[in-house]
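Mapping of the sequence shown onto my numbering: residues 497 to 1169, in sequence order. All C-beta atoms in this analysis are idealised placements derived from N, C-alpha and C, irrespective of residue type, glycine included. Since the structure is predicted, the reported quantities are computational estimates derived from the model, not experimental observations.
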Amino acid sequence: MKKLIMTLITSLASALATAQTPVASISSPAKTLRVDVYLSAQGEPSYQVNYQGKSLLADSRLGFDLKNQPALAQGFELVSAKTGKFDETWEQPWGEERLIRNHYNQLRLALREETGSKRKLDVVFRVYDQGVGFRYEFPKQDALPQVEILRELTEFNFAADHSAWWTPGQAGNQYEYLYQQTPISKMGLVHTPVTLKTADGIYVALHEAALHNYSTMNVTGAADGKISATLVPTSKNQPVAVTLQTPAATPWRTLQVENSATALITNYLTLNLNEPNKLGDVSWIKPAKYVGIWWELHLEKTSWKSGPTHGATTANTKKYIDFAAKHGFAGVLVEGWNKGWDGEWWKPGGGNAFNFYTPTPDFDAKELARYAKEKGVYIIGHHETGAAIENYESQLDEAFDFLSAHGMQAVKTGYVETGEELVNGLYHHGQFYVNHAQRVIDKAAQHKIAVVAHETVKDTGERRTYPNIISREVARGQEYDAWSVDGGNPPNHTAIIPFTRLLSGPMDFTPGVFELTLPSRPNNQVNTTLAKQLALYVVIYSPVQMASDLPEHYEAHPDAFQFIKDVAVDWETTKPLAGEIGEYIAIARKARKSDNWFVGALTNEQARSLNIKLDFLTAGKKYRARIYKDGATAHYKTNPGSYEIEERVVSAGDDIVVKLAPGGGFAISLMAE
Ligand code: NOJ
């Protein structure tokens, strides 16, 4: 009996010791972040994260529920824990920052079940001074030739119920919702990146990186700040989310951690966790500004559908080509140029009518390709699929041959639909869709064509590996201002997305509306001032930026239009100057291959004054500053079109103080003399 009690005490003590003593730990290079990994007495793996000496994540589970297999979540022993260091600086072919440092310490854990078929699972942690990424790897093994994942058990159990900014996951409009702010415990199922703020003023973005051949990770909030991964299932009736053949790896689960909201903007952790460029020479991918037959469609001045109101006619396209050539825009987007728009294409199955290589009779593709070339611009193709993926994929070769044959260097894709499901019944953004998106990127790369994808899956930094996926929509863009029954994007929308959606990558927001009262849309108006529209070109990063308004609206304001003509789209460096989530933001960016800087700042519905310290300018140089700001009586509701332009010569160390109207903003071009 005594022996039994002694044995019980010993095993209890060792269980407690295993629960409290990490089996492995790894710190970031400057030791700001530390990850500790544990194996419970039952061999359940878990991890904890400490930031600046305080608990950021409490004990958080790791593992999987599988189909036709026991869960891969317990009974593990640690086979090995290998550490390593990495430090390199790499160059983006285009981007918001030319040089990016990738500096981390790595911990690779090899786990094996102690009994049964002794299945193996590796977990790899990369710990940066500004965040953590980890992924699972399934080694090739006889006991697990194929993995069918029902549920990823990954948890992110925050130490407290922090404030969160989120949009709902797995909802009918995909990513196109206004952000809400609640405690973690009230957020439910949400998309990533989800941005959190702790009571201590620490900002965290929870997201994923390198989403390939896997299902999208949403996350679910619960009591006390607990968050768990929720993979998008294959479909309503097929709960398996992911099927993989071993060896295989999951995407990285990422936490970007900073002491200010603005620092998140230049945190490049998710890009760093993607593989380097696989396309070789990508000098054919050119950041560019574009105009096009687009806003007039959303304003219902012309239509996508054929007939007397058709927008994509040869004559109208030539008008935009002339305008682009005159004002120095490289691209002209044309929507509604092809067959398929006459039915209810947005309803389930309607997208099957789309043909991606047959223009409407009034769109002379050959003549327009010739005309555009003569004028030194190119047409941007448009593939609206209506989420009918099989129809699109069956024409992919012809579709991209058509683009190439007509000198189209970029294509905008779209997946409009009225529910959560694709036309084939599978969930949008599950593994099937993720692989489809990759097939389009690959096909486009073979044709040296850049892709701007709307209604696609969220960005997880794939542009590092495939630089031809240059921009996406994946949030509420400017189009909502034309027709949304809720009155369009409120003024705080563009003060929230720099700290949420835009952390994932470039956005094709399509800014630049000058005629903000929208006479043809009596129930809507754009909820910004004109100066704030200019600010968006700097605040919202995208290597392709549209000047979305109609040519005549720009011609009415040549002085303000000058900013859109001048602003760069490819950057040497980005410097967030000030901001708080949902309140305001000010960013400065330096153009590549020049000494010119551009500043954009915007506010929510509150008027405010911002002092821009020009300490980022090159010392000793003089700059011609042109300040595009709200007029004295400007207001996003009552007087959105009022702006003033002020010019002066400035140098490093000077300040520029600017007043922002309610829903307003300002833009500054700083041209080196
Ligand atoms: C939604 C896209 O976001 C928009 O830009 C496009 O004009 C329509 N779909 C039609 O394809």
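Asked, Found
"Straight-line gap, R604 to R997 (C-alpha atoms, nearest Å)", "30 Å"
"A1082 classed as buried or exposed, judged by whether at least 16 other C-beta atoms fall within 10 angstroms", "buried"
"Contact check, D532 vs Q516, beta carbons under 8 Å", "no"
"Every unbroken beta strand (DSSP E) inside the stretch 983-1055 [3 residues or more]", "1040-1042"
"Whole-angstrom C-beta distance between G903 and Y929, which should lie under 8 Å", "About 30 Å; that fails the 8 Å criterion."
"Any chain D beta carbon closer than 8 Å to V728", "Among the chains in the structure shown there is no chain D, since it carries only a single protein chain."
"8 Å contact criterion, which V907 and A940 should meet: CB distance rounded", "7 Å"
"Boundaries of the beta strand (DSSP E) in which L751 is found, first to last residue", "W748 to E754"
"Straight-line gap, E975 to P783 (C-alpha atoms, nearest Å)", "22 Å"
"Three-state secondary structure (DSSP) of L760", "helix"
"For T810, the three-state DSSP class (helix, strand or coil)", "helix"
"heavy atom of the ligand NOJ below 7 Å from H925 C-beta", "no"
"Simplified DSSP state of W1067, which is helix, strand or coil", "strand"
"Three-state class that DSSP yields for G580 in the structure shown", "strand"
"Minimum C-alpha distance to D1151 - residue among K1118, A1157 and L1110", "L1110"
"Buried or exposed by the 16-neighbour rule on C-beta atoms within 10 Å, applied to L727", "buried"
"Any non-hydrogen atom of the ligand NOJ within 7 Å of L1184 CB", "Absent from the structure is residue 1184, since the part of the chain shown begins at 497 and ends at 1169."
"E792 in three-state terms, based on DSSP", "helix"
"Identity of the residues DSSP links to H703 by a beta bridge", "T750"
"Cβ contact check for the stretch 578-596 and the stretch 668-680: 3 or more pairs under 8 Å", "no"
"Buried or exposed (CB count within 10 angstroms, at least 16 for buried), T611", "exposed"
"F859 and T810 closer than 8 Å at C-beta", "yes"
"N-terminal and C-terminal residue of the alpha helix (DSSP H) that S900 is part of", "L892 to A901"
"Start-end ranges of the beta strand (DSSP E) lying completely within the stretch 522-567, minimum 3 residues", "529-535, 541-547, 550-557 and 560-562"
"Check: V912 C-beta below 7 Å from any heavy atom of the ligand NOJ", "yes"
"V1145 (DSSP reduced to helix, strand or coil)", "strand"
"Where A1128 falls: helix, strand or coil (DSSP)", "coil"
"Classification of L1106 by the beta-carbon crowding that lies within 10 angstroms, buried from 16 upward", "buried"
"Supposed close pair F1094, S1044 - CB separation, criterion 8 Å", "Going by Cβ atoms, the distance from F1094 to S1044 rounds to 18 Å, so no, they are not a contact pair."
"According to DSSP, residues forming a beta bridge with Q677", "W661"
"Distance between K1071 and T758 (C-alpha atoms, nearest Å)", "9 Å"
"Assigned secondary structure, R615 (DSSP; H/G/I helix, E/B strand, else coil)", "coil"
"Buried versus exposed call for A901 [16 or more other C-beta atoms within 10 Å across all chains shown]", "exposed"
"Spatially closest choice to G839 from S556, V830, W833 and F850, by CA coordinates", "F850"
"N-terminal and C-terminal residue of the beta strand (DSSP E) that Y874 is part of", "Y874 to E880"
"Range covered by the alpha helix (DSSP H) that runs through I945", "I945 -> no alpha helix (DSSP H), and no H or E assigned at all."
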